[in-house]
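Colleague: Sequential numbering from -3 applies to the sequence shown in the working numbering.
Sharing a structure here in structure tokens format.
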Amino acid sequence: MILGLIFSVLSVTYTVASSNSVNVTGEAPVSSDVVYMRSSTTGQKGQMTTGNSTTLQLTGWEGYMIDSVVLSMRSNTSQGAGSLQMTIGSNTVWEIPDGNFSDITWNGSYSTTFVDISCSLHQHIKNQDTITIFIEASKNSLYINSYTFFYSSPTPSAHTVSFVSGLESAPASIVEDSIGSGIILPMGTDTAEWHFLGWSEQEWLQATDISTLFFAGEHYYPKSDCCLWAVYSDSEDQSASTNCQSGDYVIVNTNDYWCRAMKGIIEDKHIHTTNIHIQQSNDGTYALLTGTHEDMVYHIDFKNDSTLSIMHRHSNRMIGYNGNDLSEASSAWQYRLLNDGTYCFYFADKHLHRMLRFGFGNASDSEDVVAYVTRIDLQTMLEGGFLLFPAQKRFFTSWPFGKTEEDDKKEEEKPVINVNDYEYIMYIGNYPLHIKKGEKWIVIK
């Protein structure tokens, strides 16, 4: 006989811990992230009063198959109403219209103990898809305790990467030589007014900044069959300056652990930083590949006495020092150009020298990379200082000549190889397990 058994191999539960956090139990997909938010600032951690909501967002699930979702929820004794919407990417995959918790679309009765509200999905997560569950109360009160996802790991396969160049022609799709081997990204083409920078997992119509770039010639490891878009800039790459000329600059520090730019004013004796993208050419020069926000621009005034001053251009507030820490004083920083073409900004403090640097603070008490002042041995400071890029407004796009309706049609018609269109068979003992389009069944003879 043939017995169809639909089951999931893995599960993960996100249990509400506070109004903006969850605890994770079970086995979450590798490299996945979760964000939980509650709109109300009063009441219990998972409570939704009239007009308030909760949102769970998951990312990093590319290639996985969500088989079902179970929510642990409750209402008040004799009231509680609301609606639910679950989306994967731009698609709504589960929806409960506004209604009482006692409606059959919800639980069928009010309950002050947590009950399961579930949905069978069998949804394959595509590249860059965000999973969102939004619940909003229309009558006091609904409560969410946890979200449980039953899912399957991607079936191992060699993935196909296709390319959209925004031009008449595009590089041919590339298939991995073997499972997990990755591909080498192809080179793009410049136009008369736009310069090719690299490839992105996201399409950009017009932007002043872009997220992670993947460069031509670099190894790219797809998590599923996917598409990459070309990214162009309206100006050539901006090279780092070493001429000690006064002007507006982006202050950058890069090493094996981060590539970041200083951003904003002094707050609690440090300055925040932000992720950026730079590229080093064969001759050792650096080029900035990230757009310049006004909060990243600092005016550096090089003086004739081999000192300089730093001012945050947008706020006109100084970046100086007082004692051991940063302050908004009009301080004179000494500087030197290091062996690798970077700058060291420092000052003498009695018999010591202190410098402006990036890191996690003197006590390593910062959760993120910040700029702060620390003691140094000036004689050993030979490289690893700041790159100064002249501030320049730039625009980025995936479509140098604009996107047309015909381009949209081409993307829709472009064939995509989907591993879920094929049937896979693996054996559990003597029994064959069949997997196709998210469904699994064991044949028992």
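Note that beta-carbon positions come from the ideal geometry of N, C-alpha and C, so glycine has one too.
In this text, all values refer to a predicted model and were calculated from it rather than measured experimentally.
Starting from the C-beta of Tyr339, find all residues in its chain whose C-beta is less than 7 Å away, skip the five residues before and the five after it, and write them out in chain order.
Modeller: Tyr331, Leu333, Gly381, Phe382 and Leu384.
Colleague: Count the CB pairs spanning the segment 211 to 222 and the segment 286 to 301 that are closer than 8 Å, and state whether there are at least three.
Modeller: No, they do not touch.
Colleague: Just reading off the beta strand (DSSP E) that Ser114 is part of, what are its end residues?
Modeller: Unbroken beta strand (DSSP E) run through Ser114: Val111 to His120.
Colleague: From Val111 to Thr101, what does the alpha carbon distance come to, in whole angstroms?
Modeller: Distance between the alpha carbons of Val111 and Thr101: 14 Å.
Colleague: Can you tell me which of the three DSSP states Gln330 falls into?
Modeller: In the structure shown, Gln330 sits in a strand (DSSP, three-state: E or B).
Colleague: How big is the Cα-Cα spacing for Ile84 and Ile272?
Modeller: In a straight line, the C-alpha of Ile84 is about 28 Å away from that of Ile272.
Colleague: In angstroms with no decimal places, state the Cα-to-Cα distance between Lys389 and Ser36.
Modeller: Straight-line Cα distance between these residues: approximately 39 Å.
Colleague: Thinking C-alpha only, which one of Ile129, Gln119 and Gly287 is nearest Pro150?
Modeller: Answer by Cα proximity: Gln119.
Colleague: State the beta-bridge partners of Phe159 as determined by DSSP.
Modeller: In DSSP, Phe159 forms a bridge with Leu224.
Colleague: Going straight from the alpha carbon of Ile121 to that of Phe356, what length do you get?
Modeller: Cα to Cα, Ile121 sits roughly 36 Å from Phe356.
Colleague: DSSP three-state call for Asp510: helix, strand or coil?
Modeller: Residue coverage of the chain in this structure runs from -3 to 441, which leaves residue 510 outside it and unanswerable.
Colleague: Going by CA-CA distance only, name the one from Pro396, Ser64 and Val31 that's closest to Ser231.
Modeller: Closest by alpha carbon: Pro396.
Colleague: Is Leu285 helix, strand or coil by DSSP?
Modeller: It is coil, neither helix nor strand.
Colleague: What is the rounded straight-line gap between the Cα of Val366 and the Cα of Ser161?
Modeller: Each residue's alpha carbon lies about 37 Å from the other.
Colleague: DSSP on Thr21, reduced to helix/strand/coil?
Modeller: Thr21: strand per DSSP, three-state reduction.
Colleague: Per DSSP, Glu172 forms a beta bridge with which residues?
Modeller: Partner(s): none; Glu172 has no beta bridge.
Colleague: Look up Leu374 in the DSSP assignment and say whether it is helix, strand or coil.
Modeller: DSSP places Leu374 in helix when its eight states are reduced to three.
Colleague: Select from Asn335, Ser360, His308 and Val369 the residue whose C-alpha is nearest the C-alpha of Leu322.
Modeller: Considering only alpha carbons, the answer is Val369.
Colleague: Residue ranges of each beta strand (DSSP E) run of no fewer than 3 residues wholly in the segment 338 to 392, ordered along the chain?
Modeller: List check, beta strand (DSSP E) in window: 339 to 345, 348 to 355, 366 to 372 and 383 to 386.
Colleague: Quick one: Cα of Gln241 to Cα of Pro386, how far?
Modeller: Distance between the alpha carbons of Gln241 and Pro386: 10 Å.
Colleague: Where in the segment 57 to 130 do unbroken runs of the alpha helix (DSSP H), each at least 4 residues long, occur, reported from the N-terminal end onward?
Modeller: Here no run is fully enclosed.
Colleague: Consult DSSP for Arg34 and reduce its assignment to one of helix, strand or coil.
Modeller: Note: Arg34 maps to strand in three-state DSSP.
Colleague: Under a Cβ-count criterion, where at least 16 other Cβ atoms within 10 Å of its own Cβ denotes burial, should Asp63 be classed as buried or exposed?
Modeller: Counting Cβ neighbours within 10 Å, Asp63 comes out buried, since at least 16 surround it.
Colleague: Rounded to the nearest angstrom, how far is the Cβ of Glu197 from that of Gln124, given a contact under 8 Å?
Modeller: Right, the Cβ-Cβ distance comes to about 5 Å (below 8 Å), so this counts as a contact.
Colleague: Going along the chain, which residues of its own chain have a beta-carbon closer than 6 Å to the beta-carbon of Val293, five neighbours each way excluded?
Modeller: Within the same chain, Val293 has close Cβ partners Asp244, Arg309 and Ala387.
Colleague: The ligand FAD and Phe354: does the residue's C-beta get closer than 6 Å to at least one heavy atom of that ligand?
Modeller: The ligand FAD is not part of the structure shown, which contains no ligands of any sort.
Colleague: By DSSP, does Gly194 sit in helix, in strand, or in coil?
Modeller: Looking at Gly194 - three-state DSSP - the assignment turns out to be strand.
Colleague: Between Asn141 and Ser28, is the Cβ-Cβ spacing less than 7 Å?
Modeller: Taking 7 Å as the Cβ cut-off, Asn141 and Ser28 do not qualify as a contacting pair.
Colleague: Within the chosen definition, does the segment 43 to 51 reach the segment 127 to 137 through at least 3 CB pairs nearer than 8 Å?
Modeller: Yes, the segment 43 to 51 is in contact with the segment 127 to 137.
Colleague: Can you name, in chain order, every residue of its own chain whose Cβ lies under 7 Å from the Cβ of Asn249, other than the five neighbours on each side?
Modeller: Excluding residues within five positions, the ones whose Cβ falls inside 7 Å are Arg256, Phe354 and Phe382.
Colleague: Does DSSP put Cys255 in a helix, a strand or coil?
Modeller: The answer is strand: DSSP assigns Cys255 an E or B state.
Colleague: Opposite Asp244 in the DSSP bridges: which residues?
Modeller: His295, per the DSSP bridge assignment.
Colleague: Roughly how many angstroms lie between the CA atoms of Phe392 and Lys346, to the nearest whole one?
Modeller: Using only the alpha carbons, I get a separation of about 48 Å.
Colleague: Could you check whether Trp190 and Tyr147 sit closer than 7 Å to each other, using their CB atoms as the reference points?
Modeller: Not a contact, by the Cβ cut-off of 7 Å.
Colleague: What's the C-alpha gap between Arg34 and Ser17?
Modeller: Rounded to the nearest angstrom, the two C-alpha atoms are 9 Å apart.
Colleague: Between the Cα of Leu348 and the Cα atoms of Gln375, Thr288, Ala325 and Leu284, which residue gives the shortest distance?
Modeller: Comparing Cα-Cα distances from Leu348 to each of Gln375, Thr288, Ala325 and Leu284, the minimum goes to Gln375.
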